[in-house]
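Numbering (my numbering), first residue to last: -4 to 335.
Cβ coordinates follow ideal geometry from the N, Cα and C atoms, glycine included.
This one's a predicted model, so the numbers in the text were calculated from it and none came from an experiment.
Working notes, beginning with the structure itself.
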């Protein structure tokens, strides 16, 4: 089999491979963990009342959501997105490697020390590294997400994600290829200084994953609340923790059609950057949320429309043939704040 055929075969297999690889948030055991976690939440809320297995199943998999055409589109976009993730993997790896090396060379040039300064990684650094990594990862995610909302051209692509009127865990990858490209590249940029510093201090073969690994972080997150961000399951937190972590209820607000919720709760797992930058909206008890957007794309469940229309509409925005929804909204909100 030629190299081209092997490459094509691997690309076609990638939607399944993502379910089998712990490096991805779509790793299949995380969905099992999510189901048990959500079932536990349901039983806790109904403690003291009779419970039936059938009722739990209906709660986890309501027909009106899983038979909705929006959910079928989620699956189509997941498959299309998986193909694109496979195609961009080599480019992303090359970009990250170049960026880390470039910044490491700057540190060497500034310090005058071409060799690693230390032979071993101290325990305190192994503890501190994941904390800083997650904060930088979240910063990259927040920045990208914010830009996708307030830059008119980018919003035309991001609204593919927000066109979902019901949400399931597959809605996470209900994204246009441009968005799938932008997020990892910006995140790679924000975390690269940490890797460059680490390589400069301890060498490129430094053992820094003694206490954690990124797959472990993903598995823990997405076996609990991670997948529920895109679901009907409402889980919140008290006021303090609502300023620290992104609960499913936080992200439900992010997908709300209410204008007061637009451009809120941009974080991935943490709410810290939202709190710092003023985009945090803390969920309230009994809050009713309707998902979706006021856009023609909401009325379409066509894969073609969700791939092609963003390109057409972004061109119209660039050529001033369409009013830029995201920018006009952001500027009007900003004007109200400054005038007030």
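Out of the options, point me to the one whose CA is closest to residue i's CA.
i	options	result
residue 337	23, 301, 16	The first residue shown for the chain is -4 and the last is 335, placing residue 337 beyond what the model contains.
residue 261	154, 141, 203, 314	141
residue 254	279, 287, 67, 242	287
residue 224	1, -1, 88, 29	29
residue 76	98, 155, 1, 44	155
residue 257	274, 263, 264	274
residue 290	304, 284, 88, 298	304
residue 293	-1, 14, 252	252
residue 13	210, 306, 220	210
residue 84	-2, 19, 234, 68	19
residue 68	15, 103, 170	170
residue 264	228, 296, 220, 227	220
residue 233	227, 244, 226	244
residue 143	104, 259, 62, 45	259
residue 353	266, 1, 88	Here the chain covers residues -4 to 335 and nothing more, so residue 353 does not appear.
residue 96	306, -3, 189, 1	189
When the distance is taken between beta carbons, is residue j closer than 9 Å to residue i?
i	j	result
residue 184	residue 60	no
residue 78	residue 10	yes
residue 132	residue 214	no
residue 187	residue 94	yes
residue 165	residue 54	no
residue 48	residue 111	no
residue 90	residue 3	no
residue 80	residue 175	yes
residue 145	residue 65	no
residue 136	residue 178	yes
residue 308	residue 151	yes
residue 231	residue 216	no
residue 129	residue 31	no
residue 158	residue 301	yes
residue 284	residue 191	no
residue 298	residue 121	no
residue 172	residue 312	no
residue 222	residue 26	yes
residue -1	residue 228	no
residue 33	residue 226	yes
For the alpha helix (DSSP H) that residue i lies in, which residues bound it at each end?
i	result
residue 255	Per DSSP, residue 255 belongs to no alpha helix (DSSP H) and is neither H nor E.
residue 50	48 to 55
residue 185	172 to 197
residue 169	No alpha helix (DSSP H) holds residue 169; DSSP gives it neither H nor E.
residue 5	-2 to 15
residue 66	64 to 106
residue 22	Per DSSP, residue 22 belongs to no alpha helix (DSSP H) and is neither H nor E.
residue 59	58 to 61
Can residue i be considered in contact with the ligand COA, in the sense that its beta carbon sits closer than 8 Å to one or more heavy atoms?
i	result
residue 291	Absence of the ligand COA is noted for the structure shown, with no ligands found whatsoever.
ask   = At which residue ranges does the stretch 109 to 162 contain complete alpha helix (DSSP H) runs of 4 or more residues, listed in the order of the chain?
value = The DSSP assignment places 118 to 145, 147 to 157 as complete runs of the alpha helix (DSSP H) inside the stretch 109 to 162, in order along the chain (cut-off: 4 residues).
request  = Scan the stretch 212 to 298 and note each continuous alpha helix (DSSP H) run of 4 residues or more that stays entirely inside, going in chain order.
outcome  = 234 to 237, 243 to 249, 267 to 272
ask   = For the stretch 263 to 279 against the stretch 229 to 242, are there 3 or more C-beta pairs whose distance is under 8 Å?
value = Contact holds: three or more Cβ-Cβ distances are below 8 Å.
request  = Report yes or no: do the stretch 192 to 204 and the stretch 0 to 10 share at least 3 C-beta pairs separated by less than 8 Å?
outcome  = no
query = Is it a yes or a no for the stretch 243 to 263 touching the stretch 116 to 127, going by three-plus beta-carbon pairs under 8 Å?
reply = no
inquiry  = I'd like to know if the stretch 35 to 52 and the stretch 274 to 281 are in contact, where contact means that at least 3 CB-CB pairs between them fall below 8 Å.
reply    = no
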